[in-house]
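First comes the structure, then the notes that go with it.
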Amino acid sequence: MAFEGKTIVLVDDNKNACQLLDMVLSKCGFNVMQAHDGQSGLELIRKQRPEFAIIDIGLPVIDGIEVVRSVKEDGSEATFCVALTGNVTEGGKREALEAGFDAHFLKPIKPSVLASFILEQSAND
Numbered sequence: 778m779a780f781e782g783k784t785i786v787l788v789d790d791n792k793n794a795c796q797l798l799d800m801v802l803s804k805c806g807f808n809v810m811q812a813h814d815g816q817s818g819l820e821l822i823r824k825q826r827p828e829f830a831i832i833d834i835g836l837p838v839i840d841g842i843e844v845v846r847s848v849k850e851d852g853s854e855a856t857f858c859v860a861l862t863g864n865v866t867e868g869g870k871r872e873a874l875e876a877g878f879d880a881h882f883l884k885p886i887k888p889s890v891l892a893s894f895i896l897e898q899s900a901n902d
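For the sequence shown, position 64 matches number 841 in the working numbering, and the numbering has no gaps at all.
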């Protein structure tokens with residue numbers, strides 16, 4: 778499969794949501810790593826250079842907007858960044874995409890829907 782061996786970094790302070798996504802994505806063949814605040818997520822992304830990063834916007838320490846800006850400024854344009862947020866406003870989506878996110882999803886999201894999206898993006902590589 779095209780996605781086997783590809784790495785995804787999950788950055789979300791909701792550990793239960795992270796575990797559920799990890800389980801679903803791991804079953805698809807992805808190598809999944811987790812961080813639970815913005816600073817540790819940024820460090821993990823910088824170190825691992827994953828193909829995908831799924832980042833909550835409302836993170837402690839550094840928010841998801843700052844994480845993705847830093848990732849993109851570091852030259853990690855190859856990392857496909859997906860924003861997860863409870864912010865339902867059009868302005869929130871626009872801010873996320875302008876900051877450098879490649880896609881934006883509202884919480885709550887079914888893990889299977891997000892996994893299908895990641896699989897589709899991975900197949901397009």
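Ideal Cβ positions, reconstructed from N, Cα and C, are used throughout, including at glycine.
Where Met778 sits in the DSSP three-state scheme: Annotation note: pLDDT 48 at Met778 (below 50); position unreliable, coordinate value reported separately. Met778 carries a coil assignment under DSSP once its states are collapsed to helix, strand and coil.
Inter-residue CB distance, Phe829 and Leu861 (contact presumed, cutoff 8 Å): The beta-carbon separation of Phe829 and Leu861, rounded to 12 Å, does not stay under the 8 Å limit for a contact.
9 Å Cβ cutoff met for Leu798 and Ala892: In this structure, Ala892 lies closer than 9 Å to Leu798 by Cβ.
Nearest-angstrom Cβ-Cβ length linking Gly815 and Asp840, presumed shorter than 8 Å: Right, their Cβ atoms sit about 6 Å apart.
Own chain partners of Ser847 with C-beta closer than 6 Å, once the 5 adjacent residues on each side are dropped: Answer for Ser847: Leu819, listed in chain order.
Three-state class that DSSP yields for Ile842 in the structure shown: Reduced to three states, the DSSP call for Ile842 is helix.
DSSP state of Phe857 mapped onto helix, strand, coil: Here Phe857 sits in strand by DSSP.
Below-9 Å beta-carbon distance, Gln898 vs any chain D residue: The question asks about chain D, but that chain is absent: this structure has only one protein chain.
Selected residue, minimal CA-CA separation from Lys783, among Arg823, Lys824 and Gly806: Of the listed residues, the one whose Cα sits closest to Lys783 is Gly806.
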